[in-house]
Amino acid sequence: MFFPQDGHLWENVDHLILHMDTFGMQVPANSDYHGNPDFLNSEATKFVNKVNGVLRHHKCNRIKKFEVRFPLSSVHASELDRWVTFAATSGSEIVNFILSDYSGMVRVDTQHAERYLFPLEHYVDLRGCQLRYMFLSTCSLETVPANLIGFSHLVSLRLGYVQVVDEVLQSIISSCRAVRRLHLGGCDKLINLRTSHAELLALGVHNCWRLLSISIHAEKLKRFSYMGNKVINIEYECAPVLCELNVLFRRGGELTESPLDCIGVFPKLKTLRLQFPSRLQVSRILQLSGRFTGLKEIMLYILTSWKKSIRFVTYLLKAARLVERLELEVHGRLRPPKKLKIRWPKNFTPTRLHTIRIGGFSGESEMVQLVFFLLSWSPLLKTLTVDTHPRNCVGYSKRTREESEDDKRCNYAREVVSTHLAPNVPSTVKLTIMWLSCYR
């Protein structure tokens with residue numbers, strides 16, 4: 179922890195991470211940010227003064243990382259403009275302006291205040307700029323100037339809760355000739371997103387609620403992740419080497435079409451993650467389309483009870499004959515045990531499954547029957563893992579494990595595993611039961 183008055187300590191620091199914690203600022207536990215905007219304004223003034231003190235003492239040698247994290251708005255535009263100028267002229271490789279604080283003061287004041295307009299003109303004709311990673315949050319982007327040379331070496335651009343329209347974003351992407359990763363989260367002004375880029379490897383579009391369509395033309399794209407509350411039109415104009423696809427629909431979404439309609443035909447696709455609020459339907463046409471023939475790994479996030487519809491998991495496996503790893507994350511609740519008569523697919527062929535993992539297991543009858551069915555049709559199976567805690571997919575391959583423990587549900591689930599599942603697991607399969615909150 180440094181303090182602005184210790185000027186000599188800041189002179190040659192090459193990582194300027196300017197948060198509340200950096201300056202020893204602490205928010206009282208009982209502070210009401212929502213009902214007391216004056217308190218937040220006074221804290222913002224303190225924070226701005228401390229940052230200005232740091233920058234006055236710094237010699238402005240080459241900076242590797244410059245980050246500001248505090249809920250600021252257009253009210254502080256003059257100070258923020260000076261900080262952006264400092265970051266640009268000091269040759270920062272990593273620049274993060276996170277004008278909200280995810281750990282405490284979460285976009286409270288800035289929700290209603292006018293967003294800070296990030297000045298892209300500071301990166302015009304900026305030769306020698308080494309900017310490679312940028313994260314902008316809770317601000318706005320408007321006119322894109324010509325000769326945005328400062329973005330020419332950018333390899334990763336992340337925009338969170340940024341007000342930006344389609345045309346402006348497209349112009350920015352065009353200026354990022356070297357960008358490899360693009361992530362857009364909560365950008366509510368986007369409606370018809372078009373991404374055309376020769377070097378893009380990973381694209382994430384999450385919770386952009388007004389979005390109606392996405393058009394992708396990226397010859398090198400390997401990973402694409404979409405999260406939202408509705409099925410939108412996703413046109414894959416060119417994505418020949420896509421190997422990892424996430425299609426994640428949030429709880430409460432209204433799906434009038436099948437979530438699988440968002441999936442194109444990708445000959446290189448190896449990993450598929452699906453999350454949906456309702457039961458998945460795998461039509462016979464889809465089974466025979468050849469869309470899943472190259473898949474090696476499937477992860478399904480089940481947000482509601484499927485009951486007899488759990489059979490569609492096996493239909494998906496029938497269409498994806500090369501899958502070696504199956505993960506099911508169940509977000510169900512404890513229900514009275516009920517014996518279900520499930521009609522499994524006919525002419526099912528042995529799978530190539532090596533690993534099965536079930537998270538959030540609550541002892542559901544349909545899950546037990548699914549495991550029994552797969553055990554009988556998976557001669558190559560090596561490991562079966564059952565975890566009473568579900569995991570949530572938060573984009574790409576990142577997942578967070580729920581730590582809250584429902585003792586009644588978990589105890590029942592462990593009893594089902596011990597008395598019903600375990601005795602029927604072949605000795606060649608390693609059965610692992612997870613339930614401790616400390617497990618990660």
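My numbering numbers the first residue of the sequence shown as 179 and each following residue consecutively.
Note that the Cβ used here is the ideal one computed from N, Cα and C, for glycine as well.
- Closest Cα partner of G541 within the set K486, V229, T597, V302: Locating residue 541 in the sequence shown gives position 363, counting from the first residue. It is T597 whose Cα lies nearest to the Cα of G541.
- When the distance is taken between beta carbons, is S318 closer than 8 Å to V302? Within the sequence shown, the letter at position 124 stands for residue 302. Within the sequence shown, the letter at position 140 stands for residue 318. Their beta carbons are not under 8 Å apart, which means V302 does not touch S318 by this criterion.
- Work out the CA separation of G537 and I480 for me, nearest whole Å. Here residue 480 refers to the residue found at position 302 when the sequence shown is read from its first residue. Here residue 537 refers to the residue found at position 359 when the sequence shown is read from its first residue. Rounded to whole angstroms, I480 to G537 spans 10 Å at the Cα level.
- Message: Beta-carbon within less than 6 Å of K486's beta-carbon, same chain only, minus the 5 sequence neighbours each way: which residues are those?
- Response: The residue given as residue 486 occupies position 308 in the sequence shown. Taken in chain order, the residues that qualify are L518, I520.
- Task: Pull up the distance between the alpha-carbon of V357 and that of E377, whole angstroms please.
- Result: In the sequence shown, counting from the first residue as 1, residue 357 sits at position 179. In the sequence shown, counting from the first residue as 1, residue 377 sits at position 199. If you take the alpha carbons of V357 and E377, they lie about 6 Å apart.
- Taking the alpha helix (DSSP H) that T561 falls in, what are its first and last residues? The sequence position of residue 561 within the sequence shown is 383, counting from 1. Premise fails: T561 lies in the beta strand (DSSP E), 561-565, not in any alpha helix (DSSP H).
- Going by DSSP, name the residue or residues bridged to S543. Along the sequence shown, one-based indexing puts residue 543 at 365. Note: S543 sits in no beta bridge, so no partner.
- Beta-carbon separation (whole angstroms), I369 vs L390, contact threshold 8 Å: Within the sequence shown, numbered from 1, the residue matching residue 369 stands at position 191. Within the sequence shown, numbered from 1, the residue matching residue 390 stands at position 212. With 8 Å as the limit, I369 and L390 qualify as a contact, their Cβ atoms being about 6 Å apart.
- Item | Alpha carbon of L506 to alpha carbon of P523, nearest angstrom | The residue given as residue 506 occupies position 328 in the sequence shown. The residue given as residue 523 occupies position 345 in the sequence shown. Answer to the nearest angstrom: the Cα atoms are 19 Å apart.
- Query: Since M477 sits in a beta bridge, which residues does DSSP pair it with?
  - Reply: If you number the sequence shown from 1, residue 477 lands on position 299. Paired residues: R451, E505.
- Message: Taking a contact to mean a Cβ-Cβ separation below 8 Å, would you say L309 touches F296 in this structure?
- Response: For the purposes of this step, residue 309 is taken as the residue at position 131 of the sequence shown. For the purposes of this step, residue 296 is taken as the residue at position 118 of the sequence shown. The answer is no: Cβ separation not under 8 Å.
- Item | Cα-Cα separation, Y339 to L447 | For the purposes of this step, residue 339 is taken as residue 161 along the sequence shown, with counting starting at 1. For the purposes of this step, residue 447 is taken as residue 269 along the sequence shown, with counting starting at 1. Each residue's alpha carbon lies about 30 Å from the other.
- Query: Bridge partners of I149, per DSSP?
  - Reply: Any answer about residue 149 is impossible in this case: the structure gives the chain only from 179 up to 618.
- Message: Taking the alpha-carbon of H384 as reference, which of L426, I351, P418, E257 has the nearest alpha-carbon?
- Response: As a first step, residue 384 must be located in the sequence shown, where it is residue number 206. Here the closest residue by C-alpha is L426.
- Message: Which of the three DSSP states is assigned to G382 in this structure?
- Response: Within the sequence shown, numbered from 1, the residue matching residue 382 stands at position 204. It is a strand residue.
- Expressed to the nearest angstrom, what Euclidean distance is found between the alpha-carbon atoms of I195 and V226? Working through the sequence shown from its first residue, we reach residue 195 at position 17. Working through the sequence shown from its first residue, we reach residue 226 at position 48. In a straight line, the C-alpha of I195 is about 14 Å away from that of V226.
- Item | Buried versus exposed, by CB contacts within 10 Å (16 or more), H193 | Translated into positions along the sequence shown, residue 193 becomes position 15. With fewer than 16 Cβ atoms within 10 Å of its Cβ, H193 is classed as exposed.
- Query: Near P568, what residues of its chain come up, given a Cβ to Cβ distance below 7 Å and the 5 sequence neighbours on each side ignored?
  - Reply: Sequence index remark: in the sequence shown, residue 568 carries index 390 (1-based). Result list for P568: E507, V508, H509, G537, G538, E580, in chain order.
- Message: To the nearest angstrom, how far is the alpha carbon of R372 from that of L362?
- Response: Within the sequence shown, numbered from 1, the residue matching residue 372 stands at position 194. Within the sequence shown, numbered from 1, the residue matching residue 362 stands at position 184. The straight-line gap from Cα to Cα measures roughly 12 Å.
- Message: Quick check on N525: does DSSP put it in helix, strand or coil?
- Response: Walking along the sequence shown from the start, residue 525 turns up at place 347. Three-state result, N525: coil.
- What is the DSSP secondary structure of V357, counted as helix, strand or coil? What you label residue 357 is simply residue 179 of the sequence shown in a count that begins at 1. The answer is coil: DSSP assigns V357 none of H, G, I, E or B.
- Task: Could you give the DSSP three-state label for C421: helix, strand or coil?
- Result: In the sequence shown, the residue the question calls residue 421 occupies position 243. Three-state DSSP puts C421 in coil, outside helix and strand.
- Only counting runs of 3 or more residues, tell me where the beta strand (DSSP E) segments fall wholly within the region 249-284, in order along the chain. 272-276
- Which listed residue (D259, L250, S252) has its alpha carbon closest to that of L233: For the purposes of this step, residue 233 is taken as the residue at position 55 of the sequence shown. Minimum Cα distance to L233 is reached at D259.
- Pull up the distance between the alpha-carbon of D210 and that of T200, whole angstroms please. Walking along the sequence shown from the start, residue 210 turns up at place 32. Walking along the sequence shown from the start, residue 200 turns up at place 22. Low confidence applies here, because D210 scores a pLDDT of 48, under 50, leaving its location unreliable; read the following figure in that light. In this model, D210 and T200 are separated by some 22 Å (Cα to Cα).
- Along the alpha helix (DSSP H) that carries L495, what are the first and last residues, could you check? As a first step, residue 495 must be located in the sequence shown, where it is residue number 317. Segment 489-497, the alpha helix (DSSP H) holding L495.
- Query: Can you tell me the Cα-Cα spacing of S352 and L399, whole angstroms?
  - Reply: One-based indexing of the sequence shown puts residue 352 at position 174. One-based indexing of the sequence shown puts residue 399 at position 221. Taking the straight line from one Cα to the other gives about 16 Å.
- Message: Nearest by alpha-carbon distance to F470: which of W484, T492, L478, L500 is it?
- Response: Here the question's residue 470 lines up with position 292 in the sequence shown. Ranking the options by Cα distance to F470, first place goes to L500.
- Message: Between which two residues does the beta strand (DSSP E) holding R587 run?
- Response: Counting from 1 along the sequence shown, the entry for residue 587 is found at position 409. Here R587 belongs to no beta strand (DSSP E); instead the alpha helix (DSSP H) covers 585-594.
- Message: Which of the three DSSP states is assigned to H598 in this structure?
- Response: Here residue 598 refers to the residue found at position 420 of the sequence shown. Looking at H598 - three-state DSSP - the assignment turns out to be helix.
- Item | Any non-hydrogen atom of the ligand NAP within 7 Å of I276 CB | Absence of the ligand NAP is noted for the structure shown, with no ligands found whatsoever.
- Measure from the C-beta of A265 to each C-beta in chain C and report whether the shortest distance is under 8 Å. Considering every chain present, this structure includes no chain C. It has just one protein chain.
- Item | Cβ-based neighbour list, P445, same chain, cut-off 7 Å, excluding 5 preceding and 5 following | As a first step, residue 445 must be located in the sequence shown, where it is residue number 267. Once the five neighbours on either side are set aside, the close Cβ partners of P445 are G472.
- Item | Beta-carbon contacts of P604 that lie in its chain and below 6 Å, excluding the five residues immediately before and after | Here the question's residue 604 lines up with position 426 in the sequence shown. Excluding residues within five positions, none has a Cβ falling inside 6 Å.
- Rounded distance between the beta-carbons of V594 and K560, thought under 8 Å: The residue labelled residue 560 in the question sits at position 382 within the sequence shown. The residue labelled residue 594 in the question sits at position 416 within the sequence shown. 22 Å between Cβ atoms; not a contact.
- Could you check where the beta strand (DSSP E) with M405 kicks off and where it finishes? Residue 405 sits at position 227 when you count from the first residue of the sequence shown. Segment 401-406, the beta strand (DSSP E) holding M405.
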